[in-house]
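Heads up, the thing below is written out as structure tokens.
There are 2 protein chains.
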Amino acid sequence: MGLTRIDKYTREQVNLAQLLKVLGHPARIAIIQSIIRTDSCICGDLVTEIGLAQSTISQHLKELKHVGIIQGTIEGTSVCYCINKETWSQLESSVNELFKSVNANPDCC
Amino acid sequence: MGLTRIDKYTREQVNLAQLLKVLGHPARIAIIQSIIRTDSCICGDLVTEIGLAQSTISQHLKELKHVGIIQGTIEGTSVCYCINKETWSQLESSVNELFKSVNANPDCC
DNA sequence: AAAGTTAATCGTAATATTGCGATATAGCAA
DNA sequence: TTGCTATATCGCAATATTACGATTAACTTT
Numbered sequence: 006m007g008l009t010r011i012d013k014y015t016r017e018q019v020n021l022a023q024l025l026k027v028l029g030h031p032a033r034i035a036i037i038q039s040i041i042r043t044d045s046c047i048c049g050d051l052v053t054e055i056g057l058a059q060s061t062i063s064q065h066l067k068e069l070k071h072v073g074i075i076q077g078t079i080e081g082t083s084v085c086y087c088i089n090k091e092t093w094s095q096l097e098s099s100v101n102e103l104f105k106s107v108n109a110n111p112d113c114c
Numbered sequence: 006m007g008l009t010r011i012d013k014y015t016r017e018q019v020n021l022a023q024l025l026k027v028l029g030h031p032a033r034i035a036i037i038q039s040i041i042r043t044d045s046c047i048c049g050d051l052v053t054e055i056g057l058a059q060s061t062i063s064q065h066l067k068e069l070k071h072v073g074i075i076q077g078t079i080e081g082t083s084v085c086y087c088i089n090k091e092t093w094s095q096l097e098s099s100v101n102e103l104f105k106s107v108n109a110n111p112d113c114c
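Protein sequences appear in the order of chains P and S.
Per the numbering used here, the very first residue in the first sequence carries number 6; after that it's consecutive.
Per the numbering used here, the very first residue in the second sequence carries number 6; after that it's consecutive.
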């Protein structure tokens, strides 16, 4: 079918999976790292930095924005993107919870 | 094209993205949580617990196993899955590094 | 107004993912 | 051996993703 069934899961599961899925692409990892590294907002330097077509980068930015991982503000003719810390800290706590319970788990097989 | 270009990225970026992508599905999140929760190995109770077809669950387990997130050992007629802590701690450090640099980043837009 | 720059959107082709039923495989039980 | 159970694999259909070029939109500069 190709359609992920959503009715079987909790909202937390769907939400976490959605964030991880969007982060689960090397271009989007590279974009996030670049946004962090430039320490402030960057715009379309991503195109030359990463080496994908402009439309492709724009599409990845759209997906990151759609789930709230980044946000963009228009600055003249270009757009300034940066991390949305609210979403990011929500992700951080979900992921940490998972890590915590894994670490508390005994080995078994 | 639909083919993710891998030559543009570092091995770390590709590796992290691969792990996150596999975790980026609610069924696989639910599987991981279930493995953790039962505190020891579980087998095919996932089918009744999650409510997908047996073949679908098996496929998700295969993907989790393929990237090394879980491992399975055969126990008689069933298979016992559990977390692969080595991969998991590698993921944990990659993700924490990302979180750390995000938190150190100033707000800008 | 006209031209230039930057980013978003559209249309598309190629490939990947998701989910299922059916079938195969393998160990256990009688 | 013959069934029984549990898991894996195959084949398929529906949908999603990725990437690109072309176009559009919006704002700046000349």
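Every residue, glycine too, gets a C-beta built ideally from N, C-alpha and C.
Computed from a predicted structure; not experimentally measured.
P/Pro-31 sits away from S/Val-72, with the two beta carbons spaced by 7 Å or more.
Non-local C-beta neighbours of S/Val-52 in its own chain, meaning closer than 8 Å and more than five positions away in sequence, comprise Ala-58, Gln-59 and Ile-62, ordered along the chain.
Runs of the beta strand (DSSP E) lying entirely within the stretch 6-84 of chain S, each at least 3 residues long, are 75-80 in chain order. According to the DSSP assignment, P/Asn-108 belongs to the alpha helix (DSSP H) that extends over 90-109. Taking a Cβ-Cβ cut-off of 7 Å, the neighbours of S/Glu-97 in chain P comprise Phe-104, given in sequence order. Interface flag for S/Asn-89 against chain P is unset, since no Cβ pair is found closer than 7 Å.
DSSP, read as helix, strand or coil, puts S/Cys-114 in coil.
7 Å or more divides the Cβ of P/Gly-77 from the Cβ of S/Gly-29. Taking the CA atoms as reference points, S/Thr-9 sits about 22 Å from P/Ile-75. Contact between S/Ile-88 and P/Asn-110 holds, since their C-beta atoms are separated by about 6 Å, short of 8 Å. The straight-line gap separating the alpha-carbon atoms of P/Ile-40 and S/Gln-38 is approximately 31 Å.
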